[in-house]
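Residue numbers for the sequence shown follow my numbering, so the first one is 6 and each next one is one higher.
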Amino acid sequence: MRENRDVIIALVGNPNSGKSSVFNQLTGMRQRVGNFPGVTVDKKLGKALISEEYGTTIIDFPGTYSLFPNSQDEKIVVSTFLNEKDENYPDMVVYVADVTNLERHLLLLTQIRDLGLPVILALNMKDLAEKEGIVYNPNLLSDLLKVPVIPVSSRSGENFDVLIESIKKMVEKLSEQTSEPPFYKQGPLEKNASQNIAVKLGMDNLYKAKLIAHHHSWLPFLEEKERSKIDKICKDAAFEDLQFQVRETMNRYDNFVPIVRKVLQKTARKNASWTDRLDQIVLNRFWGPVVFILLMVLVFQAIYSWSGYPMDWIESLFVWMGESVKATLPDNWFTGLLTDGIIAGLGGILVFVPQIAILFFLIAILEEVGYMARAVFIFDNLMQKFGLNGRSIVALVSGGACAIPAVMSTRTISNWKER
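Set out below in structure tokens:
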């Protein structure tokens, strides 16, 4: 832990793991939003009253699936965790995982653990797991993964007192932390390159050196001289980037899938709630697309019906403004510029604001109730055939009404290339 600063606690997890809800539970109103250096990716920071001895800052990092990034957001996480001189480099990690889909969430957890950082696993959605009849043993999971495991519910706040106490204990013993044996054991070629890179960069964590070997071409904290040396080491060691990435991923799954099967079982599910019954309809192969089409028809009908009056008012307002200016000013080029150029141009743009506002309002409602995530799931396989994902369907359908809201609705697509 670096002196003269707060203990930095990184909040990390896959997208949709409930990480932001955990962040809100831990920080309350003591939070602010900034940017990571050099990029426009949001950085959410919050103060947490964890320890009387140390000040603690919690950083909610962007959601990522692994330390092999596919987007700018994920690169931020990787770059920060590989650079101990980074101002956001954490002293410890609270890893948030969805207990109802535990297997998918353990890849990133084991990678972060191998970086040598102290980790607490917060098993989120405890209440949902109970409803779905999922039974698990957090103590056994903790023994097998060699990290503290705390089941919580970010929705109700259940067990957060236990999580905070666990964080407090870890913060107060940071100087005494010892590294566990790595979860992933590197092969000879990987290890050779990692050891040479570790020596060059003066680090003792071989997995961190291995990731630098994978990502050295874009890591912003590396100088050009260091980048060239690492590139030569990788070539001399026959370091196959993609091959070693696949090998590592498969090896990790081979190790933690049996762990999940030991600690987690699905029993008979309790009586389905009304939301579960709705899911059976909206996620059905046949009825799902039908419901989506009906909802889109209602959305477009609402856009045209509700936006008609404000659009007429805006159009009438700018017509009146133009005529008033013409009646007041002499008939010359400047009057023409004001009436036919500036006023008419502004009117032609602002007349679409009601349509766009209503579209975003309705999409926000669908997102808030959870329907958009289900629509994305329904159309994901279809859109992948065109090199897109399910989130593209809303923008494509919106384009049938008007190109402007269609282009703006691409904000729901996380990957900038697909946008």
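Where is the CB? At the ideal position from N, CA and C, for every residue including glycine.
As the structure is a prediction and not an experimental result, all values here were calculated from the model.
Would you report the Cα separation of residue 229 and residue 183, rounded to the nearest angstrom? 33 Å
Do residue 221 and residue 209 have their CB atoms nearer than 9 Å? no
Quick check: residue 132 and residue 160, are their CB atoms within less than 9 Å of each other? yes
Between the segment 286-305 and the segment 126-146, are three or more C-beta pairs nearer than 8 Å? no
Is the segment 123-139 touching the segment 157-176 in the sense that three or more CB pairs, one from each, lie closer than 8 Å? yes
How about residue 321: is its Cβ closer than 8 Å to a heavy atom in the ligand FAD? As for the ligand FAD, it is missing from this structure, which has no ligand bound.
What residues in its chain sit with their C-beta under 8 Å from that of residue 238, if we drop five residues either side in the sequence? 198, 201, 202, 205, 218 and 244
Can you pull the DSSP bridge partners for residue 156? 128
Element boundaries [beta strand (DSSP E), containing residue 377]: Per DSSP, residue 377 belongs to no beta strand (DSSP E); it is in the alpha helix (DSSP H), 376-389.
Ends of the beta strand (DSSP E) at residue 61? 61-65
Specify the secondary structure class of residue 11 as computed by DSSP and reduced to three states. coil
Quick check on residue 20: buried or exposed, where buried means 16 or more other Cβ atoms within 10 Å of its Cβ? exposed
With residue 28 and residue 55 assumed to form a contact (beta carbons below 8 Å), what rounded beta-carbon distance in angstroms separates them? Rounded, the Cβ-Cβ distance is 14 Å, inconsistent with contact.
As assigned by DSSP and simplified to three states, the class of residue 38: Interpretation of residue 38 is limited by its pLDDT of 46, a score under 50 that renders its predicted location unreliable; the figure taken from the coordinates is listed afterwards. Strand at residue 38.
With a Cβ-Cβ cutoff of 9 Å, do residue 72 and residue 51 count as a contact? no
Sequence-distant residues of its chain with Cβ nearer than 7 Å to residue 187 (five each side left out): 119 and 212
Alpha carbon to alpha carbon, how far is residue 148 from residue 49? Give it in angstroms, no decimals. 32 Å
Around the Cβ of residue 363, are there at least 16 other Cβ atoms within 10 angstroms (buried) or fewer (exposed)? buried
Where residue 299 sits in the DSSP three-state scheme: helix
Note the first and the last residue of the continuous alpha helix (DSSP H) segment covering residue 215. 211-220
What residue from 191, 70, 345 and 129 has the CA that sits closest to residue 163's CA? 129
Using three-state DSSP, classify residue 96 as helix, strand or coil. coil
Per-residue DSSP class, three states only, for residue 33: coil
Count the CB pairs spanning the segment 354-368 and the segment 334-345 that are closer than 8 Å, and state whether there are at least three. no
Helix, strand or coil, according to DSSP, for residue 426 in the structure here? This structure cannot settle anything about residue 426, because the visible part of the chain is limited to 6 through 424.
Just to confirm, are residue 112 and residue 258 a CB contact at a threshold of 9 Å? yes
Using beta-carbon positions only, say whether residue 348 and residue 375 come within less than 9 Å of one another. no
Chain-order list of residues whose beta-carbon lies under 6 Å from that of residue 91 (same chain, five-residue window excluded): 85
Can you give me the Cβ contacts of residue 322 inside the same chain, cut-off strictly under 8 Å, excluding the 5 residues immediately before and after it? 352
Return the CA-CA distance between residue 381 and residue 395, expressed in angstroms with no decimal places. 4 Å
Could you pull out every residue in the same chain whose Cβ sits closer than 7 Å to the Cβ of residue 152, ignoring the five residues on either side in sequence? 118, 124, 125 and 126
Enclosing alpha helix (DSSP H) for residue 204 [first to last residue]: 193-206
Measuring CB to CB, does residue 429 end up less than 9 Å from residue 61? Residue 429 falls outside the range modelled here, since the chain spans only 6 to 424, and no answer is possible.
Taking 7 Å as the limit between beta carbons, can you name the residues of its chain near residue 307, skipping five residues before and five after? 363 and 367
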